[in-house]
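Taking the numbering used here, the leading residue of the sequence shown gets 492, the next gets one more, and so forth.
Heads up, the beta-carbon is just placed ideally off N, CA and C, and yes, glycines get one too.
From a predicted model like this one, the values you see are computed outputs, not experimental measurements.
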Amino acid sequence: MIPESIQFSIEEATGSRVAEQEALHGGDINQAVKIEMDSGDRYFLKWNTYTPADMFEKEALGLELLVSANSELHIPEVIGFGDTFLLLEFIEESNTGNSFEFGVQLARLHCKSNELFGLDEPNYIGKLPQSNKYHADWLEFFMRERLEPQVKMAFDSGKLPKRFLSIFDRVMNYTYVVFPDEPPALLHGDLWAGNYMFTVDGRISIYDPAVYFGHREMDIAMTKLFGGFSQDFYNGYNEEYPLKKGYEERLKLCNLYPVLVHVNLFGGGYIGKAEALLKQFF
492 MIPESIQFSI EEATGSRVAE QEALHGGDIN QAVKIEMDSG DRYFLKWNTY
542 TPADMFEKEA LGLELLVSAN SELHIPEVIG FGDTFLLLEF IEESNTGNSF
592 EFGVQLARLH CKSNELFGLD EPNYIGKLPQ SNKYHADWLE FFMRERLEPQ
642 VKMAFDSGKL PKRFLSIFDR VMNYTYVVFP DEPPALLHGD LWAGNYMFTV
692 DGRISIYDPA VYFGHREMDI AMTKLFGGFS QDFYNGYNEE YPLKKGYEER
742 LKLCNLYPVL VHVNLFGGGY IGKAEALLKQ FF
């Protein structure tokens, strides 16, 4: 199941041999397995032989940045990575957990700040490149480094019909949407229900990040896009770090980014979802 070259690399990194492997499901892009070594250690391995050579390195760096925030969230330890794989500690999932506490802990993560919006280097969201050039202004960052690259990619590939072009021109000039003046927050960057779990030791783990310093409402918007987060989660977040008035309208604008990412990754029904979001503005 595991490609021979990858198995060789992880056995070299861990100093033990793979004894068992169990396929895991839920991801859209990569293959994943739980592996047990002959030493008894267990790891989570994901791989993809068709992704950019630095994609897993960027993900590993993102996980390490989340660790540096010293939050109570359980961030998987990076064991090793290569051009085609990422090896992490294996975390045992629980069917139940404290959603209120999850909200509190995400709010505390968002208190980790930076002078500017962006990141020292680009990374990826899914397998798509994500530009993180620094900007002092959030809306400028959002328009130039989030929406513009995805819009261009979607039109260049023919995934979005030309009738969308005039609408996006108006979106790009939608500068009267006022985001609260808040410091850049450390974001997970791709926080949907498939990228967190409650653990058997009573903690909350987040993984598969697309990190950068941005407006915290981006993470909140993503949790609303596909569901999977209870009201207790939002109650906990708002008790720790209340969202500012009018955030419901701003979340719709925030979610143009992940929807366009899904258009570029998968096409299909996400084109209609993008159109429905745009119609809420124009």
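Please give me, in chain order, every unbroken run of the beta strand (DSSP E) with length at least 3 that falls completely inside the segment 616-659. As summarised for the segment 616-659, the continuous beta strand (DSSP E) elements at least 3 residues long and confined to that stretch are 619-621, given in chain order.
Smallest Cα separation from G588: which of D647, S500, G693 and G571? It is G693.
8 angstroms CB neighbourhood of C602 in its chain, flanking five on each side removed: Excluding positions up to five away in sequence, the list reads A676 and Y732.
Given this structure, state the Cα-to-Cα distance separating Q771 from E584, to the nearest angstrom. One Cα belongs to Q771, the other to E584, and the distance between them is close to 38 angstroms.
Look at the alpha carbon of V569 and the alpha carbon of L557, and state the distance between them as a whole number of angstroms. Annotation: V569 to L557 spans about 12 angstroms, alpha carbon to alpha carbon.
For the segment 529-594, which segments carrying the alpha helix (DSSP H) assignment without a break, of at least 4 residues, lie completely within its bounds, in sequence order? Annotation: the segment 529-594 contains the following complete segments of the alpha helix (DSSP H) (minimum length 4 residues), in chain order: 546-559.
With DSSP collapsed to three states, give me the class of G727. Three-state result, G727: helix.
Mapping the DSSP letters down to three states, classify E606 as helix, strand or coil. Three-state result, E606: coil.
Any chance the segment 624-633 sits against the segment 752-761, with 3 or more Cβ pairs inside 8 angstroms? By the Cβ rule, the segment 624-633 does not count as touching the segment 752-761, because fewer than three pairs are nearer than 8 angstroms.
Within 8 angstroms, do at least three Cβ pairs link the segment 528-538 to the segment 648-663? Taking 8 angstroms as the limit for Cβ pairs, the verdict is that the segment 528-538 does not touch the segment 648-663.
Decide yes or no for the touch test of the segment 605-613 against the segment 686-701: beta carbon pairs closer than 8 angstroms, at least 3 of them. Two segments are said to touch when three or more pairs of C-beta atoms, one from each, lie closer than 8 angstroms; by this definition the segment 605-613 does not touch the segment 686-701.
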